[in-house]
Amino acid sequence: MTTAQLETFVRKTVSSTPVRDIHTHLYDPAFGELLLWGIDDLLTYHYLVAESFRYLRMPYADFWKLTKSQQADLIWDVLFIRNSPISEACRGVLTTLNLLGLDVKKRDLPKLRKWFAAQKPDAYIDRCLKIAGVEDVCMTNSPFDDLERPVWERGFKRHPAFSSALRIDPLLLDWKNTAPKLAGWGYKVGPGRPNQKSLDEVRRFFADWSKKMGARFLMVSLPPEFKFPDNTDTAALIEGAVLPHCREFNLPFAVMPGVTRAVNPQLKMAGDGIGLTDLSFVKNLCAGFPENKFAATVLSRENQHEMCVLARKFRNLHIFGCWWFTNIPHLIDEITRLRLELVGLSVTPQHSDARVLDQLIYKWTHSRTAIGEVLVEKYRDLAATGWAMTKPEIERDVRNLFGGAFETFCKA
Ligand code: FIX
Ligand code: ZN
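First residue of the sequence shown? That's 4 in the numbering used here, and the numbers climb one at a time after it.
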């Protein structure tokens, strides 16, 4: 292959390889209205709510009293009409509409609403997955969510494209209020620091829900100040229940450190912030529990380099995604370079974190472009040494980056 042919082939492969998206907040269509889609959900995404309050002068409470469509009208007005929609989250809405075949230059919100209202959910789901090139969507499933728990308890026919991860934030971060819930559901846990009996019962709870959901891994988001080991309920629960359960079921434990919840509570879900994490806890987990597997994504840009070094030291650590405030082209480029140059291909450069189905389209289109350009450069550098890549090797590499490497890690 000439250099030009190599570049064309890499770009084509990156844009056409199916993705297994390992972290989203989407739901199997069996969950009904919990699966968000359409223009009003796109516009009221919490990323855009936060941005709209850079311009809105109304009291927060008045905004939250509006209907979803009224909120969407306001956001459209301030972020798309009165100001140019340059931010990543704004551009994302336009990329999505454009790739759905809608004419964004008309700026006609009522017409867009009409188009979405005419879509049939089942066919529309297939269409979004197809345009985004996503073959598997891993949900974030919480037994503590009162809307989703009954659906799991009832049982439903699974959509083949939706897999599951068991999310356990309330249990690990708010044991005081979660223990009584578990007790109410028939798990014999006591109040206070969990003793062996309680830990065994928490394991029984994890086993029940891992089976019910077919969970691929357990996951938690963590504040920047999180420490392990530590004299806390959280540390006791991790060591005495999460890690033994993950070993028994051969499941990774995914940690997502760096989020400070409710920095501005008036913004509700849009009000979470960020902090620099002391990553010693990741080292302590990986070194102290070599029989466990850990996956990690960290929110702060400044933590990304150290996280790569940790992945070089610990083969039981898989790093993934450019999470949330790092999911912008500039940082996807930087973080993907760091990872490929320091760790190689045994990483998962991106997950979408989509909360609205249609967002899969822009999040993956934008990420594929950023990741593709890094790969083009890396293969070009290899070619300069005289090394010749074959087409199947490039396809293999991209499949690994888009979910294959994580799959292998999970199975190991
Ligand atoms: O904790 C998480 O999984 C975060 O991704 C979310 O809480 C956050 O609100 C989000 O949507 C980020 O993209
Ligand atoms: Zn998330």
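Where is the CB? At the ideal position from N, CA and C, for every residue including glycine.
Inter-residue Cα distance where the pair is residue i and residue j
| i | j | result |
| --- | --- | --- |
| SER303 | ARG57 | 22 Å |
| VAL81 | ASP148 | 33 Å |
| PRO352 | LEU97 | 24 Å |
| SER166 | ALA33 | 13 Å |
| GLU337 | ALA218 | 31 Å |
| SER224 | LEU343 | 25 Å |
| TYR340 | VAL13 | Tyr is not the amino acid found at residue 340; the sequence shown has Arg there. Using only the alpha carbons, I get a separation of about 16 Å. |
| ASN144 | THR181 | 16 Å |
| PRO77 | LYS109 | Strictly speaking, residue 77 in this sequence is Leu, with Pro absent from that position. Rounded to whole angstroms, LEU77 to LYS109 spans 18 Å at the Cα level. |
| ARG85 | MET310 | 40 Å |
| ILE277 | HIS49 | 15 Å |
| ALA415 | THR27 | 23 Å |
| VAL192 | ALA168 | 24 Å |
| ILE134 | GLU410 | 23 Å |
Per-residue burial, residue i [other beta carbons within 10 Å of its own, 16 or more giving buried]
| i | result |
| --- | --- |
| GLU294 | exposed |
| HIS354 | buried |
| VAL275 | The amino acid at residue 275 is misidentified as Val; the sequence shows Asp. ASP275 comes out buried. |
| LEU150 | exposed |
| MET259 | buried |
| ALA391 | exposed |
| VAL137 | buried |
| PRO163 | exposed |
| MET142 | buried |
| THR388 | exposed |
| VAL266 | exposed |
| TRP188 | exposed |
| GLU36 | exposed |
Residue closest to residue i, alpha-carbon to alpha-carbon, out of the options
| i | options | result |
| --- | --- | --- |
| ASP31 | ILE331, LEU270, MET216 and ARG315 | MET216 |
| LEU132 | LEU363, VAL245, ASP384 and ALA265 | LEU363 |
| ALA240 | PHE252, ASP203, ARG219 and PHE220 | It should be noted that the sequence gives Leu, not Ala, for residue 240. Of the listed residues, the one whose Cα sits closest to LEU240 is ASP203. |
| ILE89 | LYS114, VAL359 and ILE331 | ILE331 |
| ALA357 | GLY189, GLN8 and ASP24 | ASP24 |
| TRP40 | ARG130, ASN267, GLY375 and LYS414 | ARG130 |
Residue i CB to nearest heavy atom of the ligand ZN below 8 Å
| i | result |
| --- | --- |
| MET272 | no |
| SER370 | no |
| ASP125 | no |
| THR70 | no |
| SER167 | no |
| HIS49 | no |
| MET259 | yes |
| THR143 | yes |
| HIS248 | no |
| HIS333 | no |
*Can you list every residue whose CB sits closer than 5 Å to some heavy atom of the ligand MN, going in chain order?*
Within the structure as shown, the ligand MN is missing, the only ligands being the ligand FIX and the ligand ZN.
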